[in-house]
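In UniProt numbering, the protein residues as written are 1 to 769.
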């Protein structure tokens with residue numbers, strides 16, 4: 001039975017996703033979904049709309065290529081540069097080659113580039129404008145270094161598994177927040193003339209068994225994410241749809257299997273959902289590195305480019321065309337999509353040589369290319385500041401008011417000792433780092449131009465204030481000077497590609513916090529956390545007066561946190577996930593799934609919880625969190641009033657026909673059916689920014705779902721209007737029967753407020769369809 005299952009998985013025809021796995025539909029060591037047939041052929045790129053000129057050029061270019069040159073476009077190769085992957089030049093046609101490189105928060109493994117705030121930090125900022133600005137500047141750095149394609153941003157994993165090792169690379173556990181921020185990121189990077197490859201498509205929610213593993217001649221396949229049709233649309237596909245709507249030139253398929261067909265050869269997810277339903281009819285699909293598990297079947301299923309090159313493709317593609325197992329038009333379409341993306345980004349004019357100034361070894365002689373620019377500094381720092389979330393502030397412990405003595409504790413306060421660590425942060429390292437955590441590990445890491453650690457910035461502040469600093473950043477039970485005005489404890493929570501996290505707490509770090517708090521009545525804890533970090537062991541300690549979840553701010557980490565601690569900046573970050581009181585509150589999806597009998601060779605992960613992850617699950621099960629999704633404190637206070645809900649003149653028609661599918665799918669999904677406005681007043685004593693959040697309770701759905709947010713600056717005593725537009729997609733659920741987004745007849749509950757559980761304004765919206 002294993003051989004039959006392996007054969008079907010390799011052929012790439014078994015796909016998504018109308019029923020959750022049950023014993024009744026298991027006929028071998030794989031799940032079969034008879035009511036979800038494969039989708040062939042792979043749709044050809046259309047070159048519609050803004051892609052028309054690029055496609056005209058691309059088709060002319062492809063017509064001049066030899067078969068060998070066409071094949072070379074579809075498989076990357078290793079070059080003597082620092083690019084993650086390359087496509088060779090076709091000099092006779094003026095194509096200089098193509099460089100693709102990590103990562104979604106800054107160019108990795110090279111010099112003279114900035115280490116930007118990570119995805120989770122951008123998610124915590126809830127700032128669309130800042131996300132766009134960060135992306136634009138980051139894209140400009142990639143452009144100066146001759147990188148054609150940025151491998152990011154990340155919206156998969158979305159964060160289903162609380163201990164997921166790569167959750168920090170994405171924006172949020174919520175599809176709406178992730179979708180809004182990926183839209184801005186795609187547009188910002190591509191404004192700079194650099195394409196993006198949004199990843200990892202799809203259902204890539206754990207690192208455990210993400211790749212096949214062979215031991216003693218026995219191969220265990222990648223984990224299969226078994227997702228039903230409704231769930232994949234309403235949760236996992238949602239932010240990818242926003243990325244396609246934004247014009248993403250590439251999508252990266254993931255390592256895992258989806259309903260037992262590898263994601264890079266799954267005809268339903270690639271040909272069906274992505275290229276047909278979402279209208280990804282211009283750009284190309286590229287594998288994650290080493291994620292190819294089929295030859296011609298992968299190409300026919302919708303895969304366009306393999307990274308790195310394998311013997312599976314190459315001349316086999318032309319052989320397949322000759323023997324009729326692959327259409328010549330499919331190879332032409334693959335190449336056309338790739339080269340059209342090059343033209344679409346205007347990389348045929350005034351673009352640097354691919355990978356210029358990016359040697360394999362930065363310590364060897366190489367051409368110096370400065371990727372950074374002075375005009376980035378404000379956005380770099382502001383991005384770092386706004387992703388910090390103040391979750392506790394008793395007795396106005398913060399901001400600090402010229403303290404006479406600040407005592408600093410914790411390994412996370414100091415800078416790394418080795419300069420090489422600023423250039424490469426790739427290895428899977430221990431849960432506790434020996435220096436400040438500005439980014440997670442693996443291919444999502446970055447290469448900062450410098451690192452200003454918290455202790456550095458605190459000492460500079462003491463110099464300016466003519467005050468004193470004491471520190472002990474090595475002991476787990478340090479002595480505390482009783483004259484200390486405040487004790488700052490810096491700890492972190494690490495995560496990396498290649499492995500899931502061992503837990504959501506760390507006993508040594510928690511012991512340090514308690515030891516300091518037992519000796520200091522004004523203990524302020526700062527956690528640089530690459531994912532959810534629980535705090536139950538000390539959060540209610542009487543001497544723990546303030547807590548900041550500092551996430552992964554990038555190279556300006558110390559400057560940012562000191563600006564917040566001393567009140568030069570007012571905290572405005574909000575949680576992009578839920579912090580539980582105890583780990584078990586996350587239920588069955590706390591841990592990654594492990595291979596178990598009887599399907600140990602083909603690990604199965606059944607997404608039976610549907611859309612009920614994070615705050616949706618907490619609401620459904622009536623679990624009280626430690627800190628709810630969307631929560632965050634400020635140094636001021638805000639009052640809400642004046643909720644107004646207005647239907648637009650657009651008819652709430654069920655399944656409105658589309659003239660043609662466009663980038664993002666049916667264009668009628670973006671019809672605005674209602675507008676919601678409210679008033680936010682700064683009732684405190686400090687100017688600040690508030691994140692007003694709109695949640696909707698769709699009939700027959702979760703209690704509430706985020707469907708809008710607006711971050712506004714509000715001066716003391718003033719009132720600012722916030723507004724939200726509700727589209728057809730926002731108000732719909734996925735109908736499996738109709739294979740379309742469906743509005744519901746009845747009353748929609750509308751909530752506006754400070755977080756998912758602090759919603760002072762409520763109203764209803766009635767639809768009749």
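In this text, a Cβ means the ideal position worked out from N, Cα and C, and glycines have one as well.
Nearest-angstrom Cα distance between residue i and residue j?
i: residue 394; j: residue 694; result: 28 angstroms
i: residue 642; j: residue 246; result: 33 angstroms
i: residue 282; j: residue 46; result: 6 angstroms
i: residue 621; j: residue 371; result: 49 angstroms
i: residue 727; j: residue 672; result: 4 angstroms
i: residue 182; j: residue 134; result: 12 angstroms
i: residue 103; j: residue 768; result: 46 angstroms
i: residue 636; j: residue 685; result: 6 angstroms
i: residue 169; j: residue 408; result: 29 angstroms
i: residue 610; j: residue 38; result: 23 angstroms
i: residue 446; j: residue 249; result: 22 angstroms
i: residue 519; j: residue 485; result: 12 angstroms
i: residue 745; j: residue 667; result: 22 angstroms
i: residue 534; j: residue 411; result: 18 angstroms
i: residue 52; j: residue 439; result: 39 angstroms
i: residue 294; j: residue 115; result: 36 angstroms
i: residue 459; j: residue 373; result: 27 angstroms
i: residue 175; j: residue 702; result: 14 angstroms
i: residue 319; j: residue 331; result: 12 angstroms
i: residue 106; j: residue 113; result: 7 angstroms
i: residue 570; j: residue 560; result: 11 angstroms
If the criterion is Cβ atoms closer than 7 angstroms, does the pair residue i and residue j meet it?
i: residue 191; j: residue 136; result: yes
i: residue 162; j: residue 532; result: yes
i: residue 751; j: residue 681; result: no
i: residue 397; j: residue 546; result: yes
i: residue 528; j: residue 476; result: no
i: residue 241; j: residue 274; result: no
i: residue 607; j: residue 227; result: yes
i: residue 719; j: residue 679; result: yes
i: residue 49; j: residue 307; result: no
i: residue 359; j: residue 753; result: no
i: residue 285; j: residue 302; result: yes
Can you tell me which of the options puts its alpha carbon nearest to the alpha carbon of residue i?
i: residue 299; options: 289, 321, 279 and 280; result: 321
i: residue 149; options: 749, 338 and 515; result: 338
i: residue 356; options: 415, 147 and 640; result: 147
i: residue 343; options: 95, 484, 188 and 562; result: 95
i: residue 656; options: 646, 596, 742 and 400; result: 742
i: residue 788; options: 138, 205 and 212; result: An answer regarding residue 788 cannot be provided, because it is not within the stretch 1 to 769 covered by the chain.
i: residue 91; options: 754, 69, 85 and 80; result: 69
i: residue 166; options: 499, 279 and 628; result: 499
i: residue 131; options: 381, 315, 113 and 305; result: 381
i: residue 401; options: 174, 566 and 729; result: 566
i: residue 481; options: 474, 469 and 490; result: 469
i: residue 59; options: 329, 347, 692 and 512; result: 329
i: residue 747; options: 658, 669, 645 and 760; result: 645
i: residue 515; options: 89, 229 and 538; result: 538
i: residue 212; options: 255, 489, 49 and 581; result: 255
i: residue 692; options: 714, 376 and 113; result: 714
i: residue 771; options: 490, 501 and 506; result: Limits of the chain in this structure are 1 at one end and 769 at the other, which puts residue 771 out of reach.
i: residue 478; options: 384, 511 and 436; result: 511
i: residue 731; options: 683, 171, 653 and 753; result: 653
i: residue 194; options: 526, 435, 352 and 696; result: 352
i: residue 173; options: 187, 205, 189 and 729; result: 205
Any beta-carbon of chain C closer than 7 angstroms to the one on residue i?
i: residue 80; result: No chain C is part of this structure, which consists of one protein chain only.
Determine contact between the segment 152-159 and the segment 729-737, defined as no fewer than three beta-carbon pairs at a distance below 8 angstroms.
no
Quick one: any contact between the segment 106-124 and the segment 547-561, if contact means 3 or more CB pairs under 8 angstroms?
In the pairwise beta carbon analysis, the segment 106-124 is classified as touching the segment 547-561: at least three pairs are separated by under 8 angstroms.
Three or more C-beta pairs closer than 8 angstroms, one from the segment 137-147 and one from the segment 578-591: is that the case here?
no
Output the residue ranges of the beta strand (DSSP E) runs that lie fully inside the segment 351-436 and measure 3 residues or longer, sorted by chain position.
389-393 and 405-409
Just to confirm the assignment: which complete beta strand (DSSP E) runs, minimum length 3, are found wholly within the segment 649-686?
Runs found: 672-682.
Starting from the N-terminal side, write out each stretch of the beta strand (DSSP E) that is 3 residues or longer and does not extend beyond the segment 174-227.
As far as the segment 174-227 is concerned, its whole beta strand (DSSP E) runs of at least 3 residues are 195-201, 213-215, 218-220 and 224-226.
Does the segment 218-234 come into contact with the segment 255-262, if we say contact requires no fewer than three beta-carbon pairs (one atom in each stretch) closer than 8 angstroms?
The segment 218-234, when compared against the segment 255-262, does touch it at the 8 angstroms Cβ threshold.
Could you name each continuous alpha helix (DSSP H) segment of 4 residues or more that falls completely within the segment 245-316, going from the start of the chain to the end?
DSSP runs (the alpha helix (DSSP H)) wholly in the segment 245-316: 296-301.
Every unbroken alpha helix (DSSP H) inside the segment 122-153 [4 residues or more]
128-144
Assess contact between the segment 326-337 and the segment 64-81, defined as three or more Cβ pairs (one per stretch) separated by less than 8 angstroms. Is contact present?
Using a C-beta cut-off of 8 angstroms, the segment 326-337 makes contact with the segment 64-81, since at least three inter-stretch Cβ pairs fall below that distance.
Which complete alpha helix (DSSP H) runs does the segment 426-510 hold, if anything under 4 residues is left out?
For the segment 426-510, the continuous alpha helix (DSSP H) assignments of 4+ residues that do not extend past its boundaries occur at 454-465, in sequence order.
When the Cβ atoms of the segment 625-632 are set against those of the segment 573-582, are three or more pairs found closer than 8 angstroms?
yes
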